[in-house]
Amino acid sequence: MQKLVFYAHAYHLAVTDKPLVKEKFYAAIHGPYCKELFDYYRSYGFDSIQKPLTSSEVRKFPDERTKDILKLVWKLYGHMNHRKIENIVKEEHPWRYARGLVIGNRTGNAHIDKQIRNHDIKDYYVRSLLQILRRVKHADN
21 MQKLVFYAHA YHLAVTDKPL VKEKFYAAIH GPYCKELFDY YRSYGFDSIQ
71 KPLTSSEVRK FPDERTKDIL KLVWKLYGHM NHRKIENIVK EEHPWRYARG
121 LVIGNRTGNA HIDKQIRNHD IKDYYVRSLL QILRRVKHAD N
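Right under this line is the structure:
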């Protein structure tokens with residue numbers, strides 16, 4: 021779930037130039053995570069989440085674009101298990117940069133969970149969306 025929310029946030033930034041969530045994401049050893057989301061669902065561990073949201077927790081998305089972004093993220097990643105998504109996200113620049121694994125990144129200890137900055141997320145996933153669009157266009161031809 022953490023990685024799906026991260027991808028929703030990333031593609032929302034790429035498309036709208038606005039964050040989907042106000043909370044920060046950090047580069048943990050197993051991929052991006054949001055502390056508030058982790059704390060909220062911590063009791064489930066690796067089990068399925070059975071806790072329904074209350075009506076006060078459900079927020080309507082402001083527009084159809086956000087719904088379309090969520091559908092895209094589900095289409096791209098929803099069929100994958102957590103290990104597959106983890107392997108993908110850990111090869112991508114925003115997580116690697118925040119972890120200190122990119123050449124030229126002199127941020128220090130790669131064992132500390134550092135914030136993944138929104139501008140790094142946006143820059144990378146704008147390029148990712150452009151690649152997806154090129155593949156779709158090529159497949160249509």
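Numbering (this note's numbering), first residue to last: 21 to 161.
Cβ atoms here follow ideal geometry from the backbone N, Cα and C, with glycine treated the same way.
query                                                                                             : result
Same chain, Cβ closer than 6 Å to I141, five either side skipped, listed in chain order           : A30, L33 and P114
Distance between A159 and Y46 (C-alpha atoms, nearest Å)                                          : 35 Å
Buried versus exposed, by CB contacts within 10 Å (16 or more), K23                               : buried
Separation of N107 from V41, as counted between CA atoms                                          : 23 Å
Residue environment, G51, which counts as buried when at least 16 other CB atoms sit within 10 Å  : buried
Residues bridged to Y53 (per DSSP)                                                                : Y46
Contacting residues, own chain, Cβ-Cβ under 7 Å from I136 (five flanking each side not counted)   : F45, Y46, A47, P52, P114, W115 and A118
Contact set for Y27: own chain, Cβ-Cβ below 7 Å, skip 5 residues either direction                 : V93 and Y97
DSSP beta-bridge partners of K134                                                                 : A47
Close Cβ partners of C54 (< 6 Å) along its chain, the five nearest in sequence each way excluded  : E43 and F45
Through-space distance from Y144 to V109, alpha-carbon basis                                      : 12 Å
Contact under 8 Å by Cβ, V35 with R103                                                            : no
Span of the alpha helix (DSSP H), counted from its first residue to its last, around Y64          : Element bounds for Y64: n/a, residue is neither H nor E.
Close Cβ partners of P168 (< 8 Å) along its chain, the five nearest in sequence each way excluded : Past the boundaries of the shown model lies residue 168; the chain is included only from 21 to 161, so the question cannot be answered.
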